[in-house]
Amino acid sequence: MPPLIPAFDSAELAPARAAPDAVWRRRASWRAVVALPAGAIGATLVVGVLAMALLAPLLATADPFAFAAAPLSPPSFAHPMGTDAIGRDLFSGVLHGARTSLLVASAVTLLACLCGVGVGLLAGYYGGIVDDASLRATELFQVLPRFFLVVVALALFGPGIDRVVLTLGLTSWPVLARVVRGEVLVTRELDFMVAAQASGASRRRVLWRHLLPNVFPSAAVLLGLLFGQVLLVEASIGFLGLGDPNVLSWGVLAGQAQGFLRVAWWLSVFPGLAIAAAVLGVNLLADAVSSTMSGR
Amino acid sequence: MSTRFVLRRLLQVVPTVAGILLVSFVLVHAAPGDPVLALAGEHGDARYYADMRRHFGLDQPLPRQLVTYAGRVAHGDLGFSYVQGRSAAAVVMERVPATTLLTGTALLVAIMAAVPLGTLAGRRPFGARDVGVSALALGLYSAPVFWIGQLAILVIALRFGLAPVQGMITAGGDVTGLARAANVLRHLALPALVLASQELAVFVRLTRSGVIDELTRDHVRTARAKGVGERAVLLRHALPRALLPVVTVIGARAGHLVAGAAVVEIVFGWPGTGRLMLDALQTRDTPVLLALFLLVSLAVVLVNLATDLAYAAIDPRVRLR
Amino acid sequence: MTATPGGPCLRRLLLGALAGPLALTLGVACAREGARRAPRTLVAAIGGDPGHLNPAITTNGGVHTAAALLYDGLLTLDEQLQPQPALATRWEVEDGGARYVFHLRPGVRWHDGQPFTAADVEFTFTQVLLKFHARTRASLGPALAGVRVLDDSTVEFRFRRPYAPLLQQLDMVEAPIIPRHVFAGGDPLRNPANTAPVGTGPFRFVSYRAGSEIRYAANKDYFLGAPWLEAVVLRIIPDPATQVIALEAGEVDYLFAVPGPERERLRRDPRVRLLQATVNPGGSNCITTLGFNLDRPFFRDLRVRRAVAHAVNRDQIVERVLFGEGRAADAPISSRIAFAHAAGLPILAWDTARAAALLDSAGWTRGAAGQPRVARGVRGVADGTAFAIGLTVLPSQANYGDLLRAQLRAVGIDLRVEPLEQAVFSQAVFTARDFDTAIGAYCNGTDPEIGVRRMLVSSNVAPVPFSNMAGYRNPVVDSLFERAASALDPGERRRLYREIQELVVRDQPYVWLVETIATRAHSVRCHGFETSAHFAARARCGE
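Residue numbers (my numbering), protein chains in the order written: chain G, 1 to 296; chain S, 297 to 617; chain Z, 618 to 1160.
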C-alpha cells in the first residue's frame, strides 16, 4: 500500500531544510496551532475520534460481537450505522473498533519513538563507531519495505495486532533517529553547552534539557504522520483479509464490508469515514504544528 | 570521485542484500506452515506428504537447506518454484514489467500534478488556493486506497464506461504494435490514477514547503530586487531548488511500490509483483518469496543510489561522500 | 513574504496540474476503440493463478478449474453420479469386483497428434496419479494390486480385494489421463508440459500469461465432437467484487462463483443468468463441518459436544453465511450421494435451553453476565477454567467463525476465531493437532469412500490435510467401513453406511453444519454451460 513513507519523509525534509534559518525551532504553542484553520479542523477531528474511543462503552452499549437485529438492516434510530451480515450492530463495532485502531497506531508510534530517540541519542552523543554503526542500521531499516513486511508477518504467523505493532514499530524509526542525531550534534557544539560545562553542570543533563524542546516539534510531526499511516496500513491489512477477527478494528470492519459494497453501503461507508477522519485529523494537525514551528 | 562513489555504494549493496536474504530465509522457514500441505491438495496419506517433502528437499535440516540455498544463490540460481516447477527468478521477472509500468506511470502522474499544485499552494500559504489544494491532496490520501479504487471502478468504469474494469489488456484480444500499446494504456489509466491519488499528497506537501522556503531566500529576493518578473522568479529561481526533496522521495517511493501496489493490483486485477507476493505467501512458495525479497531490496537500494546521483547532478552543493 | 498576483502564471500552473491525469485520460479516449473480442470466444473469470495446469499431480481446486477443459478421464459422471463413457467406451467388472477391464475409445489423439493408447492409462496411474494425486493415491493406492496393458486399447485394474467405488473415481477430477510420451522419464513435477500441457480434452492449450490469463483453442478433433466455441480465455481476477463488475460490464462472460451478497442483485439483472452446481473442480458435494479435537479434555464429555451441537443454528448459517446457497446438513453423508445418505437421523436441532442444561449438567456453571461459563468439577479441567475455546478456520471461512461466535456466546461459550492460511491451517490442525475446534469443508465426492471414510476411520487420524480431524476412534465404525468398501450389492452398502451414520451422529465427533453448493453466473450472451468439469464444451456465445 502506498502511504507508508510519504508524509513521513516529507515531514523530515521540510523542517530540516528550513533549519539553517533556525526559526523553526520556535516552540509550537497549542494556541498558535489551533488558530490555523488546518489546526482547528485537525484538532476537532482528532478530539472527536479520541472521544469515540474513550466513550465507546458508554455510547455503544450493544455487544459488538452479539446479535443485535436482522442481518443487513440499513441505518435506523436503534442502529444508527445499520447491522452487518451476521446481524451485529455496526455503530458498536465502529466505536469499539476505534479503541483497537487507535491503540495499534499509538503503540506503533510509541515503539518507533523509543527506538528513534534511543538510536539518535546514542549516535549523536557517542559518535565514532557507535555513530557509524547506527547510521548503517538506519540505512538498512530505511530500505526495508514496511508494508511488505507486515503482510509477510501476518500471512506467515497468522493475524494478530501484536505482529502489526512489532513490525511497523521496529521499522519506522530511522527518520526520527536521524532528526534526533542531527539535533544532538548541533546542540553539543552550542555556546551554552560549553558554558554549562565550564560551570560544572552535568553535560548529559544539560544536553537532555536543551535537546528535548528542540526535538519535540519535529518529532511530534513525524510521529503524528506515522500515526495516520498505521491506520491506513491497518485498513489495507483488513482488505487483504489478514485482520484479526477477534479484535474489532476499523480495518477489520472495512475488510468485512468488501463483499457488500453494493448491497449494504453502510458497511463500508462508516468504517471508511472513521479511518479517513482520523487520518485527515492527524495530518492536518501535523501540518499545523509544522507550520507553527517553522514560524510561518 | 563520482565513479568511486558509485562503486563504493554498489559494493555496499552486496552485504545489505545478503543480510536481507538471510533474515528472510530464516523468517520464512521459521514460520509455521508447510508448503507441501498447501501444494499437494487434500486427502493424501502421510507417506505421500513425506515423499513430497523429500522431493523438494524440505526434509533436510534447516542449516543444510540454508547452505544449499546460499550456494545456489551465489551462482545466480534462485531455485525452482514449488508451485510452478520452473525457475523462481523467471516467475518473478515476468511480473516486473507490469508493476514497473503501473508504479512508474502513477509516480509520473502524481509528480506532474503535484508540482504545479504544490507551487500554486506554496506561493500564498494559507490562501484559498493553498487550502483547496491541501484539502484535495489530503482527502485523497486519507481514504483507504481500496475504497477509492472500488469507487473509481463503479463510477468511472461501470457507470460511465470510460475505462475497462480490470486487467492489463483486453481479454482474449489479439492486438499487436500500436493498437496493443493503446489498449494497455486504456487499462492502465484507472489503476494508475488511483495509485497516483495516493502519492499526490506527499509530492504536493514537498513542493509546497520547498517553494515557501525558496521564496524567502536571499537569491530570490535579489532576483526580485533586480526586477526579474514574478513568473521567472518562481520558475527559474525558486522551483528548481524547491524540487530537490521531491527527487529524494521519488526514489524511496519507487522502490517501495514494487510490493506496495499490491492492494491496487488486486482491486484492478493488475498482473504485478504485489499480487505474486500474496500468492506466494498463500502457497508458501518459498523460492518465489525469497526471490521477491531479493527483488524488492535490490530495487530499493538501486533506486536510492540513482536518486543520490540525480540529486548530486541537480544540486552541485551536495558532495558525494 | 509578499503575495504575488495570479494571472497567466496561475492558469499555467493549473493546466500543468491537470496535464498528468489529462494525458492519461486523453490517451484512453483515443484508445477507446481498442481490441474487440474475437468471435466465438468465451471469457471466464477465475480467482487466482493456478501456477501450473497438470491436474494429475495435485487436488488443488484452482489447478483443476483451469485445466479441466484440457483433459479427460476414462469415464465421466452424469448428474446422478452414474459412470458414462469418455476415454473408455465400455468396461467389465469381474471376480466380484476385484478385476476391472476397460476398452478404450479408438482413434483418440493427443493435442500434439500422437495416438492415445492403453500405455498412457497405465503410465498415468502407476507413475503419476498413485504418486502425486493425493486423493487417488490415498483411496486407490492401498487397494490396487496393479494396472496392466492388455493391448493398445484394453487396460486391466486388479485389486487385492473387491473394490466397489472404482467407477466413481475415474472421472476428470479424480483421475485425469496425461500423455506418457510427454511425461515419461524425468520428474513429473518439473515437466515443462505442466505449464504448456498436452491433453485429449475439448480444448487445447494456447498460452498462459501469469497473473493475467490462460488461453485455449477448440480441439476440432475432439472425440465427442468439436466445441462450438473457437476459444476460451480464463481471466484471472482476484477480487470477487471486481469479477462481478467485469461480468456486468461485459468484460467477462462466465463466473465460477458469485459472492453471496451479490447473488440476489444479479438474479434480478436481465443481462445475467445464474446456474447452480454441486460439483466443484477438485471436490464435490461438500459439507462444511465443525470438528472437535477429541484429544482435548473440554470435548471428552459427550454432553459438551451435544451442547455445542444444540447451540448451533444451521438455518441461520444458510441464511447469513451462505445467503441461501446451500442447505442445513441432516446427515454425515451428503444428500447428493443419494444411495448412501441416511434420511431421518436424530441430528440435534437448535435449542439453546437444551444446550444450557447439558452444559450445566456437565459441570460448566454459568458465569457472570457477558462472561463465559466456568468449570466446576469437569474431569481433566481445573476448576475455575473459563469455557473459552479457539476455532481454527481457513481465511475464506472466517465468516462462519463470526456467526458461530455469536451463536455460542448465547450459551456462555467464548469462541476465538483463528483464521490461518491453508499451509498453516493444515499444519496446525492435522500435523500438530494444536486446536480446540476447527471448520473443514469435507467434500464427500461421488462416493462415501472418497470423502467420508477419511474423516471417520481411526487409521486416518494422520498428519494429512482433511483426514480424521476430530481424532475419532471407533472400532465398530472402522470395520463397517471395511465391509462397505468391498460390498458390491448397493442395498448392502446402503445399509452399512446408514449404520455408520447412526453411530457417528450419536458420538458427535463433528457437527455437520451445511451442504454447500456453488452458483455460477454467465452473461445472457452465452448459453449451454454444463456444471461438470468440461463446463464450456457445448457452450455458445453471441449468436
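Even glycine gets a Cβ: it sits at the ideal position worked out from N, Cα and C.
Asked	Found
Would you identify the three-state DSSP class for Q893 (chain Z), choosing helix, strand or coil?	strand
Among residues of its own chain, excluding the 5 on either side of G943 (chain Z), which ones have a beta-carbon nearer than 6 Å to its beta-carbon?	V935, V1131, E1132, T1133 and I1134
Just the chain S side, please: which residues come within less than 8 Å of L240 (chain G) by C-beta, in chain order?	A558, V559, I562 and L574
DSSP on L110 (chain G), reduced to helix/strand/coil?	helix
With DSSP as the reference, label Y1114 (chain Z) as helix, strand or coil.	helix
Would you please verify whether the beta carbon of L1037 (chain Z) is less than 8 Å from any beta carbon of chain G?	yes
Could you name the residues of the same chain whose beta carbon sits closer than 8 Å to that of E1116 (chain Z), not counting the 5 residues immediately before and after it, in chain order?	L1097
Would a check of beta-carbon distances place P536 (chain S) closer than 8 Å to chain G?	no
D287 (chain G) to N214 (chain G), Cα distance in whole Å?	18 Å
Taking the straight line between their C-alpha atoms, what separation do you get for A843 (chain Z) and H681 (chain Z)?	22 Å
For Y1127 (chain Z), which beta-bridge partners are listed by DSSP?	Z:G908
Go to G679 (chain Z), then tell me how far its alpha helix (DSSP H) extends in each direction, as first and last residue.	G678 to A684
Show which residues of chain S have a CB atom less than 7 Å away from the CB atom of I275 (chain G).	P440
Does the region 1072-1089 of chain Z come within contact of the region 906-924 of chain Z, defined as at least 3 CB pairs closer than 8 Å?	yes
Around the Cβ of I795 (chain Z), are there at least 16 other Cβ atoms within 10 angstroms (buried) or fewer (exposed)?	buried
So, are the CB atoms of T969 (chain Z) and V925 (chain Z) less than 8 Å apart?	no
Considering only their Cβ atoms, is the gap separating V33 (chain G) from V289 (chain G) smaller than 8 Å?	yes
Could you tell me if A652 (chain Z) is buried or exposed, where buried requires 16 or more neighbouring beta carbons within 10 angstroms of its beta carbon?	With a pLDDT of 48 at A652 (chain Z), under the threshold of 50, the modelled position of that residue is not reliable, and the figure given next carries that caveat. The residue in question, A652 (chain Z), is buried, as its Cβ has 16 or more Cβ neighbours within 10 Å.
At a Cβ cut of 9 Å, what residues of the region 150-170 of chain G count as close to chain B, listed as they run along the chain?	Judged by its chain identifiers, the structure shown contains no chain B, and its protein chains are G, S and Z.
Quick one: what does DSSP say R476 (chain S) is sitting in, helix, strand or coil?	helix
Can you tell me the Cα-Cα spacing of I5 (chain G) and A548 (chain S), whole angstroms?	Low local confidence applies: a pLDDT of 34 at I5 (chain G) is under 50, so the model's placement there is unreliable, with the coordinate-based value given in what follows. Approximately 8 Å between the Cα atoms of the pair.
Can you tell me whether H1144 (chain Z) is helix, strand or coil according to DSSP?	strand
Classify R537 (chain S): buried if its beta carbon has 16 or more other beta carbons within 10 angstroms, exposed otherwise.	buried
If I follow the unbroken beta strand (DSSP E) through T771 (chain Z), where does it start and stop?	T771 to F776
One question on the structure: do A960 (chain Z) and R1111 (chain Z) come within less than 8 Å of each other, judged by their Cβ atoms?	no
Using a Cβ-Cβ cut-off of less than 9 Å, list which residues of the region 251-278 of chain G approach chain Z; keep chain order.	Q256, Q258, G259, F260, L261, R262, V263 and A264
Tell me the rounded alpha-carbon separation between G469 (chain S) and L450 (chain S).	23 Å
Taking 8 Å as the threshold (beta carbon to beta carbon), is V379 (chain S) in contact with chain Z?	yes
Compute the beta-carbon to beta-carbon distance between P37 (chain G) and V1034 (chain Z), rounded to the nearest angstrom, for a pair I have assumed lies under 8 Å.	No, P37 (chain G) and V1034 (chain Z) are not in contact; Cβ-Cβ is about 44 Å, not under 8 Å.
Which residues bound the beta strand (DSSP E) around Y833 (chain Z)?	E830 to A835
Which chain S residues sit within Cβ distance under 8 Å of L284 (chain G)?	L434
Whole angstroms are fine: how far does the CA of W981 (chain Z) sit from the CA of R990 (chain Z)?	6 Å
L140 (chain G) CB to nearest chain S CB: under 8 Å?	yes
Cβ of E879 (chain Z) less than 8 Å from any chain G Cβ?	yes
If we ignore side chains and look at the alpha-carbon of each, how far apart do L761 (chain Z) and A715 (chain Z) end up?	9 Å
In this structure, does DSSP put T83 (chain G) in helix, strand or coil?	strand
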